[in-house]
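Below: the structure, in structure tokens.
Residue numbers (the working numbering): 111 to 667.
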């Protein structure tokens, strides 16, 4: 890990060189920005094998056809849109086909026409036609299975790579890409170097970088303080949750963000901040406020909040790593004036931003945010339209309350309409994928098994934890909401939501998001502090040993 900075430098150089090589082979440019979510193009001849970063002679043999590409491990050939398909260096992953499903849940155009007879149906793999009673014939169960697979693949693509058109806000209006590029690269100011980007919590998807880069990583020939290398990495589509848009000459003209920016991280398997994606994990390193504060033009927020530019930047910088304030654009409240825990004032004028929550282990629960609001389809629509500033439609008349949500009511955020809706058609697949993400299992050695077993008894008994955290999924089935008084804290954040309550949060995978503290605002720095809070607030009279055992049990979930 000590070689992380040098490795990153060499990686960026190789990615940048690869990008230029691909552009040169393609014969130049096309006009206008390159849309990251462009529909999947018709199959074309496979590029030279070296474009995919495979070693010489891999995959073995010749490509079966023009629509086939190497697998990600270079051991074989698969269709270009297969989940295991490799892609050329710098090329974004293929977007899901926009065409509607074909017959029996098959992809559009499959099986290929014509249908031999009215009694024929698609095969289970959608590649051909067979009589209805054939063993390989499509059945109602296989239709459902095909739909499941399609929703998962489309939802993952949307979660990771879809901007919902929000580049119109982050790039076209706020000009954030110019601040990242810097004056030396066609932007303004000093720019954002790779070192600074990693310090702000941005992550690099190692799978988006071709294997040959590994050989160049030890060279250390790239300046980690040069923003040009950040731009090169963004052009390679390797920065998790961020997409840049380029013109025909390769200049960056805009940028957008995706769900994965906040709700994915990496496993650091390659170097700190660089590794395999961990979808659903909260990025508690990401300093959202500091990144937004880099934008040259905050006038859209000035107009919305009716506050001076300098004040808004101060508020944004107050959030800190791993936090975001979704309600700021609704009520304009920047601080909690009096934070109270188990009857004690534990802070005054505390920044109102809340911790980025994980997006895994959500199946089976009614509400999915700190303070309710709604289930995943509602919150995804809320965030994509109002927080990411995508282009879609959103309706929630509760935001028309001028007392609770003065800014939202004034701006009409309770009823957003666009003729070209880039969000609503994607909500189903996005929800399906998110509900498919399981909570991670704690690594071996991260807790004391014997103490955890004793802590399980405390959880079910004297600790009274199971009264609300019903397993699975670790929250109450039904209306899983409580007032601040019921859980021994102030109601400030709950009062910023329509139901004035806090959700019982699930506990699976707690080990993955200990950074930043616990509860919605991170007020408790450790799990022991959480247990001590409930011991005081609910008068449990737990012993020190019981509390320690309970902590080990929580770490084991």
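All C-beta atoms, glycine included, are put in the ideal place defined by N, C-alpha and C.
Per-residue DSSP class, three states only, for residue i
i, result
"residue 375", "strand"
"residue 392", "coil"
"residue 280", "helix"
"residue 592", "strand"
"residue 337", "helix"
"residue 464", "strand"
"residue 257", "helix"
"residue 248", "coil"
"residue 433", "strand"
"residue 629", "coil"
"residue 510", "helix"
"residue 112", "Caution applies to residue 112, whose pLDDT of 41 falls short of 50 and renders its modelled position unreliable; the value that the coordinates give is listed next. DSSP places residue 112 in coil when its eight states are reduced to three."
"residue 187", "strand"
"residue 476", "coil"
"residue 133", "With a pLDDT of 34 at residue 133, under the threshold of 50, the modelled position of this residue cannot be trusted; read the value that follows with caution. Note: residue 133 maps to helix in three-state DSSP."
"residue 359", "coil"
"residue 525", "strand"
"residue 365", "strand"
Assigned exposure category for residue i - 16 Cβ within 10 Å defines buried
i, result
"residue 221", "buried"
"residue 256", "buried"
"residue 280", "buried"
"residue 649", "exposed"
"residue 563", "exposed"
"residue 589", "exposed"
"residue 231", "buried"
"residue 290", "buried"
"residue 643", "buried"
"residue 666", "buried"
"residue 339", "buried"
"residue 172", "exposed"
"residue 458", "exposed"
"residue 373", "buried"
"residue 577", "exposed"
"residue 233", "buried"
Where the beta strand (DSSP E) through residue i begins and ends
i, result
"residue 520", "It is not in any beta strand (DSSP E) - residue 520 instead sits in the alpha helix (DSSP H) that spans 516-521."
"residue 349", "Here residue 349 belongs to no beta strand (DSSP E), and DSSP marks it neither H nor E."
"residue 490", "Where residue 490 is concerned, there is no enclosing beta strand (DSSP E), although the alpha helix (DSSP H) it sits in stretches over 486-492."
Near the ligand PLP: residue i beta-carbon under 7 Å from a heavy atom
i, result
"residue 343", "Among the components of this structure there are no ligands whatsoever, and the ligand PLP is therefore not found."
For residue j and residue i, the rounded distance between their alpha carbons
i, j, result
"residue 409", "residue 502", "22 Å"
"residue 647", "residue 585", "20 Å"
"residue 134", "residue 342", "Per-residue confidence for residue 134 stands at a pLDDT of 34, beneath the threshold of 50, marking its modelled position as unreliable; no derived number is given."
"residue 401", "residue 226", "58 Å"
"residue 387", "residue 625", "18 Å"
"residue 317", "residue 398", "24 Å"
"residue 452", "residue 498", "35 Å"
"residue 216", "residue 358", "36 Å"
"residue 668", "residue 478", "This structure does not reach residue 668, given that the chain is present from 111 up to 667, and the question cannot be answered."
"residue 554", "residue 575", "24 Å"
"residue 508", "residue 630", "22 Å"
"residue 416", "residue 488", "27 Å"
"residue 483", "residue 312", "28 Å"
"residue 440", "residue 515", "5 Å"
Whole-angstrom C-beta distance between residue j and residue i, which should lie under 8 Å
i, j, result
"residue 431", "residue 395", "6 Å"
"residue 349", "residue 356", "Rounded, the Cβ-Cβ distance is 14 Å, inconsistent with contact."
"residue 552", "residue 583", "Not quite, the Cβ-Cβ distance comes to about 17 Å (not below 8 Å), so this is no contact."
"residue 468", "residue 445", "With 8 Å as the limit, residue 468 and residue 445 do not qualify as a contact, their Cβ atoms being about 25 Å apart."
"residue 613", "residue 481", "6 Å"
"residue 463", "residue 286", "Residue 463 to residue 286, Cβ: 19 Å. No contact."
"residue 549", "residue 466", "No, residue 549 and residue 466 are not in contact; Cβ-Cβ is about 16 Å, not under 8 Å."
"residue 271", "residue 546", "Their Cβ separation, rounded to whole angstroms, is 17 Å, which puts residue 271 and residue 546 out of contact at 8 Å."
"residue 186", "residue 166", "Incorrect: roughly 16 Å between the Cβ atoms, too far for contact."
"residue 242", "residue 251", "That belief does not hold up - the Cβ atoms of residue 242 and residue 251 are roughly 14 Å apart, past 8 Å."
"residue 253", "residue 214", "5 Å"
Terminal residues of the alpha helix (DSSP H) in which residue i lies
i, result
"residue 568", "559-570"
"residue 410", "409-415"
"residue 399", "398-402"
"residue 239", "Premise fails: residue 239 lies in the beta strand (DSSP E), 239-241, not in any alpha helix (DSSP H)."
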